[in-house]
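Quick note on this note's numbering: the sequence shown kicks off at 1445 and runs consecutively. Virtual Cβ for every residue (Gly too), placed ideally from N, Cα, C. All of these numbers come straight from a predicted model, not from anything done at the bench. As structure tokens, the structure follows; a few thoughts come after it.
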Amino acid sequence: MNSIQALCSGISKLGNSSASHFGDRHLDSLASSLQTLHMGCCKGVDETSLLELMSRAKLLKSLSLRGTHLVDDALYNFSGSSLEMLNVSNTMISGPSLGHIVRGNSGLKFLNARGCKNLFQQERDARGVGFSFPYSCEELFTDLGRTCKLEEIALGWGFSYFALEALKPAFMSLKSITVGLGGSLGENALRLLPTTCPMLESVNLHFQLISDSIMISIMASLRKLEALALCYCLGDISISSFKLPLPNLKILRLERVTPWMTNHDLVLLTQTCANLVELSLIGCTFLNTDSQLIISQGWPGLTSIHLEDCGGITSKGITSLFNCMALEDLLLRHNGPGLHRNFILDAASKMPMLRQVSLDLCDTSDGDFDIPDYADRYFLSTVKIARCKSKRCTLDLNCTQARRQAVHEETLVLVWNSKNLTRTVVKERL
């Protein structure tokens, strides 16, 4: 981030000077020759510096401005025509400024505009009443469909059935699609996915309305599917959605969509999705300690396991999961208070590939976790320990005495580099 700030600051000064010094000319040359610029979440860069940088970086092929204070003027200032990847997710840009980039960069293959709430905002009169869309979502998606041949797309607000229809020409080679909050494809659009995007390898649906018939249609048609994520979706699906064999599926995320899952269902998953390397289950409250053995025997080659709010999987500690010897990333939260103080060191010593561990103090049987010494951490590089606080829940009107529930308070982040350990406490739930 410091290098980005230095570059932007230098260029901003350059814009207000005669550029007579060698250092200034060097900065100008550097900005003009940049082909890749990823400054995601660099909120310390001011708008003026960003404007100057965008006006000079004309050769960019890959640009990520996610989570920055990006404004429309910065995109309008960009005059490059070689962009292949653009990530403006979680910014305040509007449809017209994104359309400006799309029309000028026909080689765009990867677009992420998820979380952009202002993408299609109405103009308002003096009384604050919305009256027109100066650049509608229809126009943006039509421009995308006419101009680009996309391989990956991630959208939320404004993404609908019409968008899918308008984007058909751009989607024939699409390999990955992510639909986030604000998108509303609906049943008809989801049924069209396999025919509109026949080359899809990754489908990620968040907050969408799904059903067994939709999922069976997707899985039966997309035989190259390698990654499937269903997160916080509405509707009702059952184990019937997963009865078709998916031999190519490598990544499966089922987050708050399969609360009915039992060990029997988990066994069926190990049979139909036999080649998984990444598994994430959230909200499967009927799972228990026996689920560990099913997971470790069914998918011994897993490199990533995320289990959260999954019944009592860890209520008696961890045994079978240690047999996943290829594991690099392990997240265990709210699965039962059976983890001992020395769990982190124990996991690192028994799983030689382990790099990252994420835990919650709610799951420890001893009140806390021991942090390994630098020499005893094996290959661990990151540990995240979340802490909850008890909060009174008054939503149950039939209960005379308010219940209490655990609510996230903070996360301790431990990062080891080649020399030392850095400790940081953040409010976010990481």
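Report the rounded CA-to-CA distance for Cys1768 versus Ser1740, giving the unit in angstroms. 6 angstroms
Span of the beta strand (DSSP E), counted from its first residue to its last, around His1482: 1480-1482
Who does Arg1831 pair with in a DSSP beta bridge? Glu1854
Ordered along the chain, which non-local residues of its own chain (more than five positions away) have a Cβ less than 7 angstroms from that of Asp1517? Leu1495
Since Glu1699 sits in a beta bridge, which residues does DSSP pair it with? Cys1675, Ile1726
How would you call Phe1787, buried or exposed, if buried means at least 16 neighbouring beta carbons within 10 angstroms? buried
Answer yes if the stretch 1626-1633 comes into contact with the stretch 1682-1693, meaning at least three C-beta pairs across the two stretches below 8 angstroms, and no otherwise. no
Quick check on DSSP: helix, strand or coil for Asp1680? strand
Tell me the residue span of the beta strand (DSSP E) that contains Ile1537. No beta strand (DSSP E) contains Ile1537, which DSSP labels as neither H nor E.
Quick one: what does DSSP say Asn1707 is sitting in, helix, strand or coil? helix
Beta carbon of Ser1646, beta carbon of Lys1612: below 8 angstroms? no
Are the Cβ atoms of Leu1783 and Ile1762 separated by less than 8 angstroms? yes
If the criterion is Cβ atoms closer than 8 angstroms, does the pair Leu1803 and Arg1777 meet it? yes
Local Cβ density within 10 Å of Gly1811, reported as buried at 16 or more and exposed below that: exposed
If you count every other CB in all the chains shown that lies within 10 Å of the CB of Ser1576, and 16 or more means buried, which is it? Annotation note: pLDDT 47 at Ser1576 (below 50); position unreliable, coordinate value reported separately. It is exposed - the Cβ of Ser1576 has fewer than 16 other Cβ atoms within 10 Å.
Expressed to the nearest angstrom, what Euclidean distance is found between the alpha-carbon atoms of Ser1793 and Leu1698? 29 angstroms
Output needed for Cys1832: all residues of its chain with C-beta closer than 8 angstroms, excluding positions within five of it in sequence on either side, in chain order. Asp1804, Leu1805, Cys1806, Ala1850, Val1851, His1852, Glu1853
Per-residue burial, His1431 [other beta carbons within 10 Å of its own, 16 or more giving buried]: This structure cannot speak to residue 1431, because the chain is shown only from 1445 to 1874.
Under the rule that 16 or more other beta-carbon atoms within 10 Å means buried, what is Leu1625, buried or exposed? exposed
Along the chain, where does the beta strand (DSSP E) that runs through Thr1875 open and close? Because the chain is modelled from 1445 through 1874, residue 1875 falls outside the range shown and cannot be assessed.
Run of the alpha helix (DSSP H) containing Leu1805, from where it starts to where it stops: Counting along the chain, Leu1805 falls outside any alpha helix (DSSP H), and DSSP gives it neither H nor E.
The beta strand (DSSP E) with Leu1555 in it runs from where to where? 1554-1556
Just to confirm, are Thr1586 and Ala1557 a CB contact at a threshold of 8 angstroms? no
Between which two residues does the alpha helix (DSSP H) carrying Asn1529 extend? A small correction: the amino acid at residue 1529 is Met; Asn does not occupy that position in the sequence shown. Counting along the chain, Met1529 falls outside any alpha helix (DSSP H), though it belongs to the beta strand (DSSP E) covering 1529-1531.
N-terminal and C-terminal residue of the alpha helix (DSSP H) that Ala1791 is part of: 1787-1794
Who pairs with Ser1620 in a beta bridge, going by DSSP? Glu1596, Ser1646
When DSSP labels each residue in this structure, what does Gly1742 get in the three-state scheme? helix
Beta-carbon proximity list for Asp1656, same chain, < 7 angstroms, skipping 5 on both sides: Ile1681, Ser1682, Ser1684, Ser1685
In terms of DSSP beta bridges, what is Gly1761 paired with? Ser1759
Any idea which residues DSSP pairs His1750 with across the strands? Ser1724, Leu1775
Judging by CA-CA distance, which residue of Leu1731, Leu1649, Thr1716, Lys1828 is the nearest neighbour of Gly1742? Thr1716
Using DSSP with H/G/I as helix, E/B as strand and the rest coil, what is Thr1640? helix
By the 10 Å Cβ neighbour count, where 16 or more other Cβ atoms means buried, how is Phe1823 classified, buried or exposed? exposed
Are the beta-carbon atoms belonging to Leu1527 and Lys1502 less than 8 angstroms from one another? no
Would you kindly work out how many angstroms separate the C-alpha atoms of Thr1808 and Pro1816, rounded to a whole number? 16 angstroms
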